[in-house]
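Residue numbers (the UniProt record's numbering): 1 to 347. Below is one structure; the comments refer to it alone.
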């Protein structure tokens, strides 16, 4: 039997899975039963460490993962009330992400799987975000449409089965989350920028500034670089002229422009694919303004939006365990040469 491979049924191997997520600045470990019941989902955030730098410093992130990983694993086992002897499989984020950060999780997962002779399942980080929705609603039925919105990705993905997916729309430049972060930095808001933009926008008017929307006619693709540049240029001109900047209005106008495009493209994709259930995934899925706009727009067309709870929108190991379980059921396990891949493609 090959290293890390199944030695019995996939269902038995998935009975008690330990999942690890270290793709960016959260060290997270989860314990799941049968891919659906989350016994523990421990997250050690590095936000306070990186805040003073205005963003994630890769070298610091990987060092903190090395410092945290053993304690977080121990905490997850204690919270779940399980021993190492009860763990039947391991799942880990292989990529994409910061390579040094990913390596910490991959190396630890390989060590555990090797020492305990357990199947090891590599998981794509974005597939994990998608599967956070299956933790929120385990009985989802295909076909499904998923809008993935995060710092590095903005995708529309059609799913017709577990592991059967097709990207029907993607960003051509900046991801929506990346645009949020850059605009927040330009507004001199603390890291992480997305929640700061949302909070500031609550006291601003959406029509305070006229900002562009890139509709890219006859395409489901996205583009946010023009919008980001328009905000940066507005700030630059105002500062050069000594004009007062309506920061709340600019944040609200920017957020509305992003949501207009995300909502419009998602509704268009759902209509064209004739899909009635839409999933929202990724860190930006925690944005309540986007959730409300998308829920309302889809409901007007007789469709519904499924969203994970907020704790499962940001990076966490529970979503990796859920995705890993369904990969395990399909017989997908790692080879001995498993390595972290910073730019791992989804398909």
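Even for Gly, the Cβ is constructed at its ideal location relative to N, Cα and C. None of these values were measured; they are calculated from a predicted model.
My output table needs one value for residue i: the three-state DSSP class, helix, strand or coil.
| i | result |
| --- | --- |
| residue 345 | coil |
| residue 203 | coil |
| residue 237 | helix |
| residue 166 | strand |
| residue 222 | strand |
| residue 152 | coil |
| residue 41 | strand |
| residue 1 | With a pLDDT of 43 at residue 1, under the threshold of 50, the modelled position of this residue cannot be trusted, and the question is left open. |
| residue 193 | helix |
| residue 128 | helix |
| residue 159 | strand |
Go to residue i, then tell me how far its beta strand (DSSP E) extends in each direction, as first and last residue.
| i | result |
| --- | --- |
| residue 146 | 144–149 |
| residue 253 | Unbroken run through residue 253 is the alpha helix (DSSP H), 247–273; no beta strand (DSSP E). |
| residue 329 | Element bounds for residue 329: not the beta strand (DSSP E) but the alpha helix (DSSP H), 317–329. |
| residue 351 | In this structure the chain extends from 1 to 347, so residue 351 is not present and cannot be described. |
| residue 297 | Per DSSP, residue 297 belongs to no beta strand (DSSP E); it is in the alpha helix (DSSP H), 288–299. |
| residue 31 | 26–33 |
| residue 89 | 89–95 |
| residue 304 | 304–306 |
Go ahead and label residue i buried or exposed: buried means 16 or more other beta carbons lie within 10 angstroms of its beta carbon, across all protein chains shown.
| i | result |
| --- | --- |
| residue 302 | exposed |
| residue 8 | exposed |
| residue 81 | exposed |
| residue 203 | exposed |
| residue 108 | buried |
| residue 1 | Unreliable placement is indicated for residue 1, whose pLDDT of 43 sits below 50; the coordinate value is still reported in the next sentence. By the neighbour-count rule (16 or more Cβ atoms within 10 Å), residue 1 is not buried but exposed. |
| residue 336 | exposed |
| residue 110 | buried |
| residue 345 | exposed |
| residue 47 | exposed |
| residue 139 | exposed |
| residue 137 | exposed |
| residue 59 | exposed |
| residue 174 | buried |
Do residue i and residue j have their CB atoms nearer than 8 Å?
| i | j | result |
| --- | --- | --- |
| residue 325 | residue 95 | no |
| residue 40 | residue 76 | yes |
| residue 50 | residue 56 | yes |
| residue 273 | residue 145 | yes |
| residue 62 | residue 29 | no |
| residue 256 | residue 206 | yes |
| residue 167 | residue 281 | no |
| residue 44 | residue 68 | yes |
| residue 217 | residue 287 | no |
| residue 220 | residue 169 | yes |
| residue 122 | residue 329 | no |
| residue 27 | residue 65 | yes |
| residue 133 | residue 308 | yes |
| residue 163 | residue 283 | no |
| residue 252 | residue 201 | yes |
| residue 270 | residue 224 | no |
| residue 312 | residue 304 | no |
| residue 99 | residue 300 | no |
Specify, as a first and last residue, the run of the alpha helix (DSSP H) that residue i falls within.
| i | result |
| --- | --- |
| residue 19 | Element bounds for residue 19: not the alpha helix (DSSP H) but the beta strand (DSSP E), 17–21. |
| residue 51 | 47–51 |
| residue 278 | Residue 278 -> not in any alpha helix (DSSP H); beta strand (DSSP E) instead, spanning 277–281. |
| residue 116 | 99–116 |
| residue 77 | 58–80 |
| residue 176 | 176–186 |
| residue 11 | 10–13 |
Quick one: any contact between the region 179–192 and the region 203–213, if contact means 3 or more CB pairs under 8 Å? no
I'd like to know if the region 105–122 and the region 84–93 are in contact, where contact means that at least 3 CB-CB pairs between them fall below 8 Å. yes
Would you call the region 17–26 and the region 307–321 touching, i.e. three or more CB-CB distances under 8 Å? yes
Taking 8 Å as the cut-off, does the region 228–242 touch the region 281–298 (at least 3 CB pairs, one atom from each stretch)? no
The region 149–162 touching the region 124–133, judged by at least three CB pairs closer than 8 Å: yes
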